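Residue numbers (full-length UniProt numbering): 1 to 438.
Below, the structure is given as structure tokens:
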């Protein structure tokens, strides 16, 4: 059994004095059905564990988050996204059914097309506040061995937004994967990909084994595309593509290890040890860094507001790179609900790093307060444009602001129906920054 780890770098204050139920043994793949193309897993199964079972059989998930340590339960109850979300939606949109143990001890199966549909659509993003998730049934799909990637440098946010819209709206059936990495206020590289069964004979020199231990980290490799200024096409083994951001934890590894250790001679020697297991950064100075001066936020904005959002992130944070991941959001009921009434394209902006305003680990408490105020500004903007804040990070919104962003109608009804209000903290109580220790 894999010993999967939590992603969170802060600790919940609200759990003190509560009875804790250990779910660590729920880490098994229960059923894998290639005929009906679904897999049933327990919540502590990690993406890496599941992919190691699926890929040798020629299958994968429709949405494969880039960090292999992430657990299926957390991706449902929290949030999950990947570069395939432009075509397949968020992680929960690939789910077929959930098994939940309610506060009364009853085992309920909530299905997308079947019984307890209200619970099925209300469960995602609820952070375990509606009961105990004990299994998840997910779609699987056939997985060709290679991906053809196209890199397109963009030199303005206007150009980037236009190219994303073109890829998504006009060429949606052609692209399985779409993401972008923003390197400064204007410059970015848009990356799109499609599955292929084999590399064309004339293009075999363009195969790139990006997952090998000595290879440059993906975000640094992609940055070189800006220097050439032109587009580029290459072929990557599918398994290595799925883990392209894992070795460097996107770009968070630079906050954990000295920059010297990221150079080629050291990658050749110590690259075998990557990706780092998540408990390692928790045991070093990084925990204080994350809780006081580090930003780990994912904000979701409509594609039409992307340029304005990027300007605001630059003004408030000046953190680069940024990870941009477009996705379709339907009008299904639930906590995260598209209030525009149409199937709308959103973009997730991943903000991971230390703002320019804090340079030292030993600054006064006022520094962390400044970071909190910057996050509050972003949260206010999200409410204005009907965007969302991923709940894998702390929220600085008060209750009224939080429920302006998220749809409480179905959630409150489910909390009352399954008698959760007294026995389990609400999703707001779980993510509110003041309820977490620092």
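Glycine included, each C-beta is placed from N, C-alpha and C at the ideal position. If you're wondering where the values come from, they're calculated on a predicted model, not measured in any experiment.
Q: Put residue 195 into one of helix, strand or coil per three-state DSSP.
A: Strand.
(Q) I need the DSSP call for residue 388, collapsed to helix, strand or coil. (A) DSSP places residue 388 in strand when its eight states are reduced to three.
Q. Bridge partners of residue 433, per DSSP?
A. Paired residues: none, contrary to the question.
Q: Using only alpha-carbon positions, find the residue among 232, 165, 413 that is nearest to residue 302.
A: The option with the nearest alpha carbon to residue 302 is 165.
Q) Which residues share a DSSP beta bridge with residue 140? A) Under DSSP, residue 140 takes part in no beta bridge, so it has no partner.
Q: Could you tell me whether the Cβ atoms of residue 297 and residue 389 are closer together than 8 Å?
A: Yes, these two residues count as a Cβ contact at 8 Å.
Q | DSSP-derived helix/strand/coil call for residue 362 | A | Bear in mind that a pLDDT of 49 at residue 362, under 50, signals an unreliable position, so the number given afterwards is only what the model happens to contain. Under the three-state reduction of DSSP, residue 362 is assigned to coil, being neither helix nor strand.
Q) Below 8 Å, can you find three or more Cβ-Cβ pairs linking the segment 188-208 to the segment 336-347? A) Under the Cβ criterion (8 Å, minimum of three pairs), the segment 188-208 does not count as touching the segment 336-347.
Q: Have a look at residue 101 and residue 131 and give me their C-alpha separation to the nearest angstrom.
A: A direct Cα-to-Cα measurement between residue 101 and residue 131 gives close to 6 Å.
Q. Does DSSP put residue 286 in a helix, in a strand, or in coil?
A. Because residue 286 carries a pLDDT of 48, less than 50, the predicted location of this residue cannot be relied on, and the following value inherits that uncertainty. In this structure, residue 286 counts as helix in the three-state DSSP scheme.
**Q.** Nearest neighbour of residue 74, chosen from 268, 349, 206, 134 [CA to CA]
**A.** Minimum Cα distance to residue 74 is reached at 134.
Q: Can you tell me the Cβ-Cβ gap for residue 307 and residue 139, rounded? I've got them flagged as a contact below 8 Å.
A: Taking the Cβ atoms as the reference, residue 307 lies roughly 34 Å from residue 139, outside the contact range of under 8 Å.
**Q.** DSSP beta-bridge partners of residue 298
**A.** According to DSSP, residue pairing for residue 298 in a beta bridge involves 350.
**Q.** Assigned secondary structure, residue 323 (DSSP; H/G/I helix, E/B strand, else coil)
**A.** In this structure, residue 323 counts as strand in the three-state DSSP scheme.
Q) CB residue 191 to CB residue 221, shorter than 8 Å? A) It is not a contact, given that the beta carbons lie outside the stated cut-off.
Q. Would residue 227 be called buried (16 or more neighbouring beta carbons within 10 Å of its own) or exposed?
A. Its Cβ having fewer than 16 others within 10 Å, residue 227 is exposed.
Q) Shortest alpha-carbon distance to residue 235 belongs to which of 211, 25, 43? A) Out of 211, 25, 43, 211 has the C-alpha closest to the C-alpha of residue 235.
Q. By how many angstroms is the C-alpha of residue 230 removed from the C-alpha of residue 98?
A. Roughly 46 Å between the two C-alpha positions.
Q: Using three-state DSSP, classify residue 113 as helix, strand or coil.
A: DSSP places residue 113 in coil when its eight states are reduced to three.
Q. What three-state label does DSSP hand residue 218 in the structure shown?
A. Helix.
Q) Would DSSP call residue 247 helix, strand or coil? A) Residue state, collapsed to three classes: coil.
Q) Since residue 265 is in the alpha helix (DSSP H), which residue starts that stretch and which ends it? A) Unbroken alpha helix (DSSP H) run through residue 265: 264-270.
Q. Are there 16 or more other CB atoms within 10 angstroms of the CB of residue 348, so buried, or fewer, so exposed?
A. Around the beta carbon of residue 348, a 10 Å sphere encloses 16 or more other beta carbons of the protein chains shown; the residue is thus reported as buried.
**Q.** Cβ-based burial, residue 136 [other Cβ within 10 Å; buried from 16]
**A.** Buried, by the Cβ-count rule.
Q.
Quick check on DSSP: helix, strand or coil for residue 54?
A. Residue 54 carries a helical assignment under DSSP once its states are collapsed to helix, strand and coil.
Q.
In whole angstroms, give me the CA-to-CA distance for residue 110 and residue 117.
A. Straight-line Cα distance between these residues: approximately 6 Å.
Q.
Whole angstroms are fine: how far does the CA of residue 253 sit from the CA of residue 41?
A. Near 30 Å, if we compare the C-alpha coordinates of residue 253 and residue 41.
Q: Please say whether residue 162 and residue 177 have beta carbons closer to each other than 8 Å?
A: Against a cut-off of 8 Å, the Cβ pair of residue 162 and residue 177 comes out as no contact.
(Q) So the candidates are 95, 384, 144; which of them puts its Cα closest to the Cα of residue 120? (A) Checked all of 95, 384, 144; the closest Cα to residue 120 is 95.
Q) Looking at the structure shown, is residue 398 part of a helix, part of a strand, or coil, going by DSSP? A) Residue 398: coil per DSSP, three-state reduction.
Q: Give the DSSP-derived three-state secondary structure of residue 79 in the structure shown.
A: Three-state result, residue 79: coil.
Q) Do the segment 370-377 and the segment 394-408 make contact, defined as three or more Cβ pairs closer than 8 Å? A) Segment contact: the segment 370-377 against the segment 394-408, three or more CB-CB distances shorter than 8 Å; contact assigned.
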